[in-house]
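Worksheet for the structure shown next.
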Amino acid sequence: MDGNGRWAAARGLPRHAGHKAGISPVRMVIQECSQRGVEALTLFAFSSENWGRPSIEVSGIMNLFLDALERETAQLHANRVRVRIVGERRTLPVRLQALVAAAQAQTAGNDGLRLQLAVSYGGRWDIVQANQRLAEQCLVGALNPRDITEAHFAGALELADVPDPDLFIRTGGERRISNFLLWNLAYTELYFSDGLWPDFSVAHFEEALAFFAQRERRFGLTYPPPPPAAGQAGS
Ligand code: FPP
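Going by the working numbering, the sequence shown wraps up at 235, each residue one higher than the last.
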């Protein structure tokens, strides 16, 4: 969700106005994903690096998250959305932590869209915390370092129980991942949109979906897949 600051600057407004205007497309994308039967949506709302921004901007963004959770959780629950925050939760303001915990508990039993809000999240941080979890298991003898597999590692990441994303969308014109889901994006289709996040509309979202629909996904294999080996026909 990139481009809030530039959207505001182009209008002679403070950056906060851009972040505020960014809420409406968040609502739209959640609704579209819910209605289209998308299984999981992860929104990169605040990175580990974003803490280095001026404190007035950081506290403004934290207050936006607070207000949004307070205002929207009931509606999300009514739409059967399962909400979760992924990231370094202990770094968040205490009131936000409490609201997040309440929203997660309220919506945990829902069977609709799985919504992850990545807040105080970094792909590198996630990899490090996964390593710490596995190292702790090794320390207590529950795991042998030599037995660690990709599945163990994936299982220790924040999004352990969420399938790897099929499609990544970045607005704002930059062509980079910027420390988002580094492990999980290995075979994700990457889509970059030049528009700024507050202007992201249903039409833009549909353009991204149309791009995805044309991709031929091979996951390192050949396409079309080879015929079954002799003796396996029909299995
Ligand atoms: C990046 O644009 C945007 C952010 C760091 C904040 C994202 C927050 C929202 C979209 C508000 C609503 C979100 C939720 C989940 C309720 P930027 O500030 O880096 O823009 P720039 O590149 O133009 O400066």
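Just so you know, even glycine gets a beta-carbon here, dropped at the ideal spot from N, CA and C.
Taking residue 42 as the reference, give the member of 18, 19, 57 and 85 with the closest Cα.
The residue labelled residue 42 in the question sits at position 42 within the sequence shown. In terms of Cα proximity to residue 42, the closest of 18, 19, 57 and 85 is 85.
Rounded to whole angstroms, what's the CA-CA distance from residue 212 to residue 82? Just pull it up for me.
The residue given as residue 212 occupies position 212 in the sequence shown. The residue given as residue 82 occupies position 82 in the sequence shown. About 25 Å.
Rounded separation between residue 235 and residue 227 - CA only:
As a position in the sequence shown, residue 235 is number 235, starting the count at 1. As a position in the sequence shown, residue 227 is number 227, starting the count at 1. Low confidence applies to residue 235: its pLDDT is 44, below 50, so where it sits in the model is not reliable enough to give any reading.
Near the ligand FPP: residue 204 beta-carbon under 7 Å from a heavy atom
Reading the sequence shown from its first residue, position 204 is the one you call residue 204. No, Cβ of residue 204 sits at least 7 Å from all heavy atoms of the ligand FPP.
In or out: residue 121 buried (at least 16 other Cβ within 10 Å) or exposed?
For the purposes of this step, residue 121 is taken as the residue at position 121 of the sequence shown. Buried: at least 16 other Cβ atoms inside 10 Å.
Beta carbon of residue 36, beta carbon of residue 196: below 8 Å?
Translated into the one-based positions of the sequence shown, residue 36 becomes position 36. Translated into the one-based positions of the sequence shown, residue 196 becomes position 196. No. Outside cutoff.
Quick one: what does DSSP say residue 75 is sitting in, helix, strand or coil?
Locating residue 75 in the sequence shown gives position 75, where the first residue counts as 1. In the structure shown, the three-state DSSP call for residue 75 is helix.
Residue range of the beta strand (DSSP E) that residue 120 falls in?
Mapped onto the sequence shown, residue 120 falls at position 120. Annotation for residue 120: the continuous beta strand (DSSP E) segment containing it runs 114-121.
Determine the closest residue to residue 110 out of 89, 78, 94 and 141, with distance taken between C-alpha atoms.
For the purposes of this step, residue 110 is taken as the residue at position 110 of the sequence shown. Taking only the C-alpha atoms, the option nearest residue 110 is 78.
Taking 8 Å as the threshold, find out whether the segment 48-64 comes into contact with the segment 16-36 through three or more Cβ pairs.
yes
Residues in its own chain within less than 8 Å of residue 143 by CB, not counting five upstream and five downstream?
In the sequence shown, residue 143 corresponds to position 143, counting from 1. Only 134, 137 and 152 meet the Cβ criterion.
Assuming contact is defined by CB atoms lying nearer than 8 Å, are residue 162 and residue 32 in contact in what I supplied?
Position 162 of the sequence shown, counted from the first residue, corresponds to residue 162. Position 32 of the sequence shown, counted from the first residue, corresponds to residue 32. In this structure, residue 32 does not lie closer than 8 Å to residue 162 by Cβ.
DSSP puts residue 259 in a beta bridge; with which residues?
No answer is possible for residue 259: the residues shown for the chain start at 1 and end at 235.
Regarding residue 56 and the ligand FPP, is the C-beta to nearest heavy atom distance less than 7 Å?
Here the question's residue 56 lines up with position 56 in the sequence shown. Not under cutoff, so the answer is no.
Per DSSP, what kind of secondary structure is residue 10 in: helix, strand or coil?
Position 10 of the sequence shown, counting from 1, holds the residue named residue 10. The answer is coil: DSSP assigns residue 10 none of H, G, I, E or B.
Judging by CA-CA distance, which residue of 28, 222 and 223 is the nearest neighbour of residue 72?
Locating residue 72 in the sequence shown gives position 72, counting from the first residue. Minimum Cα distance to residue 72 is reached at 28.
Per DSSP, residue 47 is paired with what?
By 1-based counting over the sequence shown, the position of residue 47 is 47. Answer is 121.
Can you tell me where the alpha helix (DSSP H) with residue 88 in it begins and where it stops?
Residue mapping note: residue 88 aligns to position 88 of the sequence shown, counting from 1. DSSP places residue 88 outside any alpha helix (DSSP H), giving it a letter other than H or E.
Considering residue 189, what are the terminal residues of the beta strand (DSSP E) in which it resides?
Counted from its first residue, the sequence shown places residue 189 at position 189. Where residue 189 is concerned, the enclosing beta strand (DSSP E) stretches over 189-192.
One or two residues paired with residue 170 in a DSSP bridge
To locate residue 170, count along the sequence shown from 1; it is residue 170. DSSP lists 192 as partners of residue 170.
Quick one: give me the first and last residue of the alpha helix (DSSP H) that residue 34 is part of.
Taking the sequence shown and counting its residues from 1, the one referred to as residue 34 is at position 34. Where residue 34 is concerned, the enclosing alpha helix (DSSP H) stretches over 23-35.
Return the CA-CA distance between residue 95 and residue 24, expressed in angstroms with no decimal places.
Taking the sequence shown and counting its residues from 1, one reaches residue 95 at position 95. Taking the sequence shown and counting its residues from 1, one reaches residue 24 at position 24. Spanning the two alpha carbons is a distance of roughly 23 Å.
Nearer than 7 Å: is that true of the beta carbon of residue 147 relative to any heavy atom of the ligand FPP?
Start at 1 with the first residue of the sequence shown, and residue 147 comes out as number 147. Checking every heavy atom of the ligand FPP against the Cβ of residue 147, none is found closer than 7 Å.
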